[in-house]
Each structure stands twice: as structure tokens, then as C-alpha cells.
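So the number in our numbering is just where the residue sits in the sequence shown, counting from 1, plus 4.
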Amino acid sequence: MSTNHSSVKVTGMSRREAMRRGLCGTAGMLAAGSLGTNALAAPAKPKAKAKSVIQIFLWGGMSHNDTWDPKPEAGEDYMGEFMDVVNTNVNGIRLNALFPELAKQADKYSLIRGMTHGVNGHETAAYLMQTGHKSGGRLAYPSVGAIFTKFKEDQYKGIIPPYVVLTRAAGRFSEEGFLGPAYKPFATGGDPAAERFEVEGVVARGISDARQVARRELLGKMDTMGKAMASDSELVKAQEAKERAYELILGSGKEVFDLTKEKDELRDRYGRDNSGRRHTFGQECLAARRMVEAGVPYITISFPGGWDTHSRHFERMNVQCPQLDQGLAALLEDLSDRGLLDSTLVWCTGEFGRGPKVDWQPPWNGGRNHYGKAFTVLVAGGGFKGGHVVGSTDKVGAEPKERPVYPADLLGSIYQLAGIDSTAKLPHPLGLEAYVLDAEKEGMKSTGLLTEIM
Numbered sequence: 005m006s007t008n009h010s011s012v013k014v015t016g017m018s019r020r021e022a023m024r025r026g027l028c029g030t031a032g033m034l035a036a037g038s039l040g041t042n043a044l045a046a047p048a049k050p051k052a053k054a055k056s057v058i059q060i061f062l063w064g065g066m067s068h069n070d071t072w073d074p075k076p077e078a079g080e081d082y083m084g085e086f087m088d089v090v091n092t093n094v095n096g097i098r099l100n101a102l103f104p105e106l107a108k109q110a111d112k113y114s115l116i117r118g119m120t121h122g123v124n125g126h127e128t129a130a131y132l133m134q135t136g137h138k139s140g141g142r143l144a145y146p147s148v149g150a151i152f153t154k155f156k157e158d159q160y161k162g163i164i165p166p167y168v169v170l171t172r173a174a175g176r177f178s179e180e181g182f183l184g185p186a187y188k189p190f191a192t193g194g195d196p197a198a199e200r201f202e203v204e205g206v207v208a209r210g211i212s213d214a215r216q217v218a219r220r221e222l223l224g225k226m227d228t229m230g231k232a233m234a235s236d237s238e239l240v241k242a243q244e245a246k247e248r249a250y251e252l253i254l255g256s257g258k259e260v261f262d263l264t265k266e267k268d269e270l271r272d273r274y275g276r277d278n279s280g281r282r283h284t285f286g287q288e289c290l291a292a293r294r295m296v297e298a299g300v301p302y303i304t305i306s307f308p309g310g311w312d313t314h315s316r317h318f319e320r321m322n323v324q325c326p327q328l329d330q331g332l333a334a335l336l337e338d339l340s341d342r343g344l345l346d347s348t349l350v351w352c353t354g355e356f357g358r359g360p361k362v363d364w365q366p367p368w369n370g371g372r373n374h375y376g377k378a379f380t381v382l383v384a385g386g387g388f389k390g391g392h393v394v395g396s397t398d399k400v401g402a403e404p405k406e407r408p409v410y411p412a413d414l415l416g417s418i419y420q421l422a423g424i425d426s427t428a429k430l431p432h433p434l435g436l437e438a439y440v441l442d443a444e445k446e447g448m449k450s451t452g453l454l455t456e457i458m
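In C-alpha cells:
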């Protein structure tokens, strides 16, 4: 199904003020300041439900035509070898046939098929999709994860850092922005599909837990100065920091990253590759679920290998799509079974899509190029409804046909469901004026929050 969207110009107040009052809805920005007594009431502001967020970042850009917005009627020039589709458990929604597991879970997620921004550069598009701001200005804005770290720092007191990336950052910019290093994500490194998930700074290669404990005990015995100055306030703080670090390395924090605690049957459900090995992406998803249970506010999964498929496109898609299908479907089902999906917001997207028309010419020989004019985003949980499609693209997937959705609309919706004021002012070290989002001032397009699925 598709959702129509109309827009009514706001009068009498700024867009920021209108968004603050919750006036962005399915009918667009309701006229304010000139509303009469018979005017429609503003839609109720959705309740903040998202306690944690899992962002699956398909860096490099995933083709919408070949995945969640298939156009088999467009023919081989637009679909290549992917002419087959699969119906989902929601009437009217279909996916590429490489997504049979996600097809069974469509009632748990919604697809934004009208996503657009028109930017075709990796760095600039990634920055736009993860900050909601234009690149090239005088301010280097923080990413969504850094914003969460800032606004949730008084609520989250866990051992694990509040913003975690599995397994390496792929945003192509400094995610912390001007907020500074305290808001930089903790990149785990390692491989959760390996026999031992060697999390950087937590699980040391070649050193057993018993040896780590012995080292700690020996260091404690040798620290005569620390014992002599035990009442010094600065040393007390240092000791407390050391104890927190050891709790992460040897205690409850480390346990979160130990996937051997999970049943083999469940680990297998997150997916195996063609060689029969549990693939990294699926185990990243499982690790993310364990971090949600530990209360971590923001987790980013960077898809291993990326989706920058200029060449060998269909060959790579035949490998990566099944892995994405298995891991993401298992994550949604697992969160739902544990009663965590309502409070965990999951969103999955690249920085842009891939060109709707296959490039058959050398050197690409059947590849797809960067495409920011139209692509699809999957959202689930945390207050987002499942089983819906927002917007649509034209018959070949070249541009939005109805209900275009821009980065500020998507990120603003995520912030609202997490109880974060998207119009709030951010602390800049030089005192410069900066806001969580400010599409109007930056001259960017916006059609309003995604209230039709909130």
C-alpha cells in the first residue's frame, strides 16, 4: 500500500516552532497562527518509546530496485537478472526473491520507498543521512549516535560505552562532530562470527581470562604508592575509573560480547554463508541484540564489505542479499520474541541507492552507480508501525512518485520517538549557534515527520 501526502504551508511561525509543537503530520505542516476555531486539531505527538536504537548502515549504497522496491515490469535494463519477487505476509508488499525471511516479517517493519536527497557522493551523502545537515558548512555536526549519547548521558549508566559500532566505523566522517571525543563511537573491531569475539580493548588476542585476572592481582600487589595515598581524591577517581575498565574487560561488560552464551540454534538462525560458516553480519545483529538487553542507547552495524557495487553487482548481491535477509529478519523476530521490539528502534539504509538502470558498458559490465534521487529505508520498532509502505517511486524506480521523504524528516521522526527534541540547541565549543536539526535555515527540503507510521 502507498500513503499519499499533501503539504500545507505554515504561516505565523517558523518551521522549528511548528515542529516543536508537533504540527508536522500526515497532512504536512498545518497552518498555524491563522487557524480558526473550526480548523483541524494538530495530530497528537507520538509517545517516546525508543530506549535503544540499532542502525544497520549499508555503506556504499544498496540498490532499491534489487531489494525492497522491485520493478520486474521494467524489464532487464532496470532489473538485470533479478526479475523474481516474493510476496510478504502483508498484502500488497513484495520484495526481491532473495529476501524470503524478511518477507515473513513484513508486519514488523515499514518501508520508506520515497527516500530522497539527490546527493551522489559517498562522503557528503553519508554525512547528510547520519546528521540531517548539509555538508560543506562551517559546522561539523555530530551523527545520530553522538546526539543520542549527548541526550541520554544522564539516563544511561552502563559499563559498555553508550555508542557502539560493530565492527568498524564506516560513516566516512567524524561521527562525534563538534561535540568532541567524549561522543565518539566505540568501534569493537574483531569478528563476532569468530570462535572468540576479540573486542578491541576488551578481549585481548592470545591472552586468556585467567591470565588477565592474574595480571590484575599482581598489579594490585605491586601498587604500594596507591595504597599509601588511598585517601587522595584524584587517586580515588583514578581507581574508580580502573575498576570500571576491569568490569568491562573481566566482568559483566565483557559478558555482553560473549556470543557463546547464546544457544547454537539461535546463532544459526542469524545466518550462515555459502560455506556453511556463520556470517559476520548475522552475528553482528545478535551482538546488537545483547547490547540492547544491556541498555546501550545506540548501536551501529556497518555491513561487512559494503554495497559499493559499480561492477560485479549481481554477483555480489547474490551473496550479500541473503546475508542481510537472514540477519535482519532474525534480529526483528528475536527482539519481538523477547518483548524488546516496542522499545528498540531499528533502521536500515545506505547513504543513497543505486542507479535504477543497469550500466552494461565496460568497465562496469552490469553494475549500478551512485544514486541519491530515490532509495528505500526500512524502519521497525521503537514506535514505528509495521506492515506499511510510505511513498512510492515511478515505474522504473528513478524518482519518488508520491510522498518524498528527506533526511530531516526521517531523523526528526527517530528523534521524536526517542524523546529527543530535534529543535534543541547543541553546545558548540566556540558558542556558535547549532541545532539538532535545522532544515529550514540550511535551505533543505522537508515534507514533515513520518506520523503515518508513528
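For every residue, glycine included, the Cβ atom is placed at its ideal position computed from N, Cα and C.
- Residue Y82 holds the alpha-carbon nearest to the alpha-carbon of K361 among A52, A54, V350 and Y82.
- For R117, the enclosing beta strand (DSSP E) begins and ends at Y113 to M119.
- In the three-state reduction of the DSSP assignment, T353 falls in the strand class, which pools E and B.
- Between S347 and S56 the beta-carbon gap is near 7 Å, inside 8 Å, which marks them as a contact.
- By the Cβ neighbour-count rule, T380 is buried, with 16 or more other Cβ atoms within 10 Å of its own.
- Between the region 281 to 288 and the region 316 to 336 there are three or more inter-stretch CB-CB distances shorter than 8 Å, so the stretches are counted as touching.
- Here the alpha carbons of Q365 and S340 stand approximately 45 Å from one another.
- Cα atoms of K138 and E269: separation of roughly 45 Å, rounded to the nearest angstrom.
- For the region 48 to 92, the full-length beta strand (DSSP E) segments reaching 3 residues or more read 56 to 61 and 89 to 91 along the chain.
- Counting other Cβ atoms within 10 Å of its Cβ, E105 reaches 16 or more and is therefore classed as buried.
- Take E446, set aside five residues on each side of it, and the residues of its chain with a beta-carbon closer than 7 Å to its own are H137 and K138, in chain order.
- Under the Cβ criterion (8 Å, minimum of three pairs), the region 380 to 392 does not count as touching the region 434 to 451.
- With 16 or more other Cβ atoms inside 10 Å of its own Cβ, P196 counts as buried.
- In summary, L434 is exposed, with fewer than 16 beta-carbon neighbours lying within 10 Å of its beta-carbon over all protein chains present.
- Nearest to G122 by alpha-carbon distance, out of C325, F318, R271 and R358, is R358.
- With distances taken between CA atoms, V94 lies nearest to Y113 out of D338, P326, Y113 and G79.
- Annotation for N100: the continuous beta strand (DSSP E) segment containing it runs R98 to N100.
- Listed in chain order, the non-local C-beta contacts of W351 below 6 Å within the same chain comprise Q59 and V383, local neighbours out to five positions each way being set aside.
- Listed in chain order, the non-local C-beta contacts of D312 below 6 Å within the same chain comprise G64, local neighbours out to five positions each way being set aside.
- Rounded to the nearest whole angstrom, the CA to CA distance from K154 to R142 is 21 Å.
- Less than 8 Å separates the beta-carbon of A110 from that of G391.
- Under the Cβ criterion (8 Å, minimum of three pairs), the region 405 to 420 does not count as touching the region 72 to 86.
- For E406, the enclosing beta strand (DSSP E) stretches over residues P404 to E406.
- No Cβ-Cβ contact shorter than 8 Å links P367 with S426.
- The straight-line gap separating the alpha-carbon atoms of Y419 and S147 is approximately 12 Å.
- In the structure shown, the three-state DSSP call for Y131 is helix.
- When secondary structure is reduced to three states using DSSP, T171 falls in the coil class, being assigned neither helix nor strand.
- In terms of CA proximity to R98, P76 leads the group E437, P76, G371 and R172.
- According to the DSSP assignment, H392 belongs to the beta strand (DSSP E) that extends over H392 to V394.
- In this structure the region 159 to 169 touches the region 292 to 310; the number of beta carbon pairs closer than 8 Å is three or more.
- With fewer than 16 neighbouring CB atoms inside 10 Å of its own CB, R342 falls in the exposed class.
- In this chain, F307 is not harboured by any beta strand (DSSP E), its DSSP state being neither H nor E.
- Around the C-beta of L436, fewer than 16 other C-beta atoms lie within 10 Å, and the residue is accordingly described as exposed.
- Fully enclosed beta strand (DSSP E) runs of no fewer than 3 residues occupy 167 to 170 of the region 141 to 205, in order along the chain.
- For F388, the three-state secondary structure derived from DSSP is strand.
- Counted as a single uninterrupted DSSP element, the stretch harbouring Y410 is not any alpha helix (DSSP H), since DSSP gives it neither H nor E.
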